[in-house]
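Worksheet for the structure shown next.
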Amino acid sequence: MLFSELHTPKRTIMTPGPVEVDPRVLRAMSTPILGQFDPAFTNIMNEVMEMLRQVFQTKNRWAFPIDGTSRSGNEAILCSIIEPGDKVLVPIYGRFGHLLVEICERYGAEVHTLECPWGEVFEPQVVIAEIKKVNPKIVAIVHGETSTGRIQPLAEIGKACRERDILFVVDAVASIGGVEVKTDEWYIDGLIGGTQKCLSVPSGMAPITYNDRIETILFARKKVERGIATEEDLRFTRSKHAISSNYFDLSMLQDYWGPRRLNHHTEATSMIYALHEGLRLVLIEGLQQRFDRHMLHEKALIAGLEAMGLRLFGDSRHKLPCVTCVEIPNGVDGESVRKMLLDEFSIEIASSFGPLHGKIWRIGTMGYSCRKENILAVLGALEAVLIRHGVNVIRGEALQAALDEYKVTRLAGMAVEKSS
Ligand SMILES: *Cc1c(COP(=O)(O)O)cnc(C)c1O
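Numbering (UniProt numbering), first residue to last: 1 to 420.
Right, dumping it as structure tokens:
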């Protein structure tokens, strides 16, 4: 049997990832391959590091991507600092908090959790009280929780961690490039970003950054492994275990990304090209402009959904701007609606996980997918599909409300069209 070339349908992707990719990023991916120690390539690697520092808002020496999907970044940072028996506190407010727990447990941590209902976030004081009680070595938390569409305020928790010399690790996979993330100002020691969400680069890399506090631990563990640790080093490695992963060992990865250029893995050339172009586009747009754009389209989307008579899910004071959760109206088969949106309009929206499955739809407005034409398309299509499903929506108002929102903003002088 002969297989034909790929022919993929043209889709409008309005999920919390993977999202549509800017054609310029796709073009960059077809740039010819260079050898991994070719100065032309290592120069591109250095530029990626510098652009990452700017996007992460950090002065950290180390900012580079881990090859693997976003969770590989979580695993790389956590496995490099966790030693068996270390106490880690993980406040959980959705699915990805459970992922952090799972990773920490696999590397032998004694994990303490704190949970709040899905759709809410933590009052910082509640987390800080738990920190005082548990006195962990590490606090690991999600910044933008895509499963519930919430965003956790971090500044106070970060400060409390630093005051107690606790390491603060943050999963900002869904928020980076779409919402403000201030690594240094919020005292974040290790931070993980994602590519296929607001950066609008294909899935397959996890950009991370970490500071000297983490690097000190890496050095100590490396010296233990080689049997040359000093008394001073042993202050930073309680159980004297070497890092148990080769692929995710940050001390080896930084020797590869840093000036020593020691061979570790073969860098994912085409993904580096993609990330380089994706980051460049973020910086050309401007961080603040990009955050404003995500909020603008979120507002138009919400105006449309509410005008249709639909209800949003979750605590509105802590809504993640790039994910909007909509309650599925009573008696409606949410999956049937999603299928019709895809079959008839070529539009994809998401369902959710665990306790929210079958209860909400999630509409992503991330990166390149976050454009006026997409917002209007999803609103118009959803109204039509809901009517087909016998839902008594308010007809003909959704698009008008969204257009009004865009008009108001245009009058206020914001560049609506600059987005794409
Ligand atoms: C998407 C996501 C991840 C996991 O990303 P993968 O690329 O699927 O590994 C982790 N954390 C958060 C908050 C996410 O939104």
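Even glycine gets a Cβ: it sits at the ideal position worked out from N, Cα and C.
This one's a predicted model, so the numbers in the text were calculated from it and none came from an experiment.
Item to complete: Kindly indicate the opening and closing residues of the beta strand (DSSP E) around HIS112.
Response: 110 to 115
Worksheet item: Do the segment 32 to 42 and the segment 258 to 268 make contact, defined as three or more Cβ pairs closer than 8 Å?
Response: yes
Worksheet item: Should ALA76 be counted as a contact of ligand 2 given a C-beta to heavy atom distance under 8 Å?
Response: Judged by which ligands are present, ligand 2 is missing from the structure shown, whose ligands are ligand 1.
Worksheet item: Excluding five sequence neighbours on each side, which residues of the same chain lie with their C-beta closer than 6 Å to the C-beta of ILE13?
Response: VAL19, GLU20, GLU348, SER369
Discussion item. Quick check: is any heavy atom of ligand 1 less than 8 Å from the C-beta of PRO124?
Written reply: no
Worksheet item: Any heavy atom of ligand 1 closer than 8 Å to the Cβ of ARG150?
Response: no
Worksheet item: So the beta strand (DSSP E) TRP186 belongs to, where does it begin and stop?
Response: Premise fails: TRP186 is in no beta strand (DSSP E) and is neither H nor E.
Worksheet item: Would you say LEU253 and ILE66 are within 9 Å of each other, going by their C-beta atoms?
Response: yes
Fill in: Cβ neighbours of ALA381 in the same chain (closer than 6 Å, five flanking residues each side left out)
LEU341, PHE345, ILE347
Discussion item. Based on DSSP bridge pairs, tell me the residues matched to ARG150.
Written reply: GLU145, LYS319
Worksheet item: With respect to 8 Å, is the separation between the Cβ of THR230 and the closest non-hydrogen atom of ligand 1 below this value?
Response: no
Practice prompt. Please indicate yes or no: does the CB of LEU411 lie closer than 8 Å to some heavy atom of ligand 1?
Written response: no
Practice prompt. Report the option in LEU301, ARG226, ASP165, ARG162 whose CA atom is closest to the CA atom of ALA377.
Written response: LEU301
Discussion item. So, for GLY309: in the same chain, excluding its five sequence neighbours on each side, which residues have a beta-carbon less than 7 Å away from its beta-carbon?
Written reply: VAL393, ILE394
Fill in: Own chain partners of GLY314 with C-beta closer than 7 Å, once the 5 adjacent residues on each side are dropped
GLY119, THR148, GLY149, ARG150, CYS325
Worksheet item: Got a sec? Which residues, its chain only, sit under 6 Å from HIS297 by beta carbon, not counting five neighbours each side?
Response: THR365, CYS370, ILE375
Worksheet item: Can you tell me where the beta strand (DSSP E) with TRP361 in it begins and where it stops?
Response: 360 to 364
Fill in: Endpoints, the beta strand (DSSP E) within which residue 433 is located
No information on residue 433 is available, as it lies outside the stretch 1 to 420 that the chain covers here.
Worksheet item: Should VAL139 and VAL121 be called a contact, given that it needs their Cβ atoms to be closer than 9 Å?
Response: no
Worksheet item: For SER245, is the beta carbon positioned less than 8 Å from some heavy atom of ligand 1?
Response: no
Worksheet item: How do the segment 176 to 194 and the segment 278 to 293 stand: do at least 3 beta-carbon pairs fall below 8 Å, yes or no?
Response: yes
Worksheet item: Based on the DSSP output, what are the partners of PHE64 in its beta bridges?
Response: ILE208
Discussion item. So the candidates are ARG106, PHE64, PHE56; which of them puts its Cα closest to the Cα of GLU75?
Written reply: ARG106
Worksheet item: Taking buried to mean at least 16 other C-beta atoms within 10 Å of its own C-beta, is LYS339 buried or exposed?
Response: exposed
Worksheet item: Going by Cα to Cα distance, which pick from ASP333, GLY286, ALA63 is closest to ARG388?
Response: ASP333
Discussion item. Quick check on ALA160: does DSSP put it in helix, strand or coil?
Written reply: helix
Worksheet item: Within 10 angstroms of its Cβ, does ALA1 collect 16 or more other Cβ (buried), or is it exposed?
Response: Correcting the residue type first, residue 1 is Met in the shown sequence and not Ala. When all chains shown are included, MET1 counts as exposed.
Discussion item. Less than 9 Å between the C-beta atoms of ASP184 and CYS161, yes or no?
Written reply: no
Discussion item. Need the endpoints of the alpha helix (DSSP H) that ASP404 sits in, please.
Written reply: 398 to 411
Item to complete: Return the CA-CA distance between ALA172 and MET295, expressed in angstroms with no decimal places.
Response: 17 Å
Worksheet entry | Assigned secondary structure, LYS418 (DSSP; H/G/I helix, E/B strand, else coil) | Residue placement at LYS418 is poorly supported in this model, since its pLDDT is 49, which falls under 50; the coordinates still yield a value, given next. DSSP places LYS418 in helix when its eight states are reduced to three.
Fill in: Bridge partners - ALA140, DSSP secondary structure assignment
VAL169
Practice prompt. Can you have a look at GLY246 and say buried or exposed, based on whether 16 or more other CB atoms are within 10 angstroms of its CB?
Written response: The question names Gly, but residue 246 is Asn in the sequence shown. Answer is exposed; the Cβ neighbour count stays below 16.
Worksheet item: Going by C-alpha distance, which of SER80, PRO91, LYS407 is nearest GLN125?
Response: PRO91
Discussion item. List, from N- to C-terminal side, the alpha helix (DSSP H) runs of 4 residues or more that fit wholly inside the segment 268 to 320.
Written reply: 269 to 285, 287 to 307
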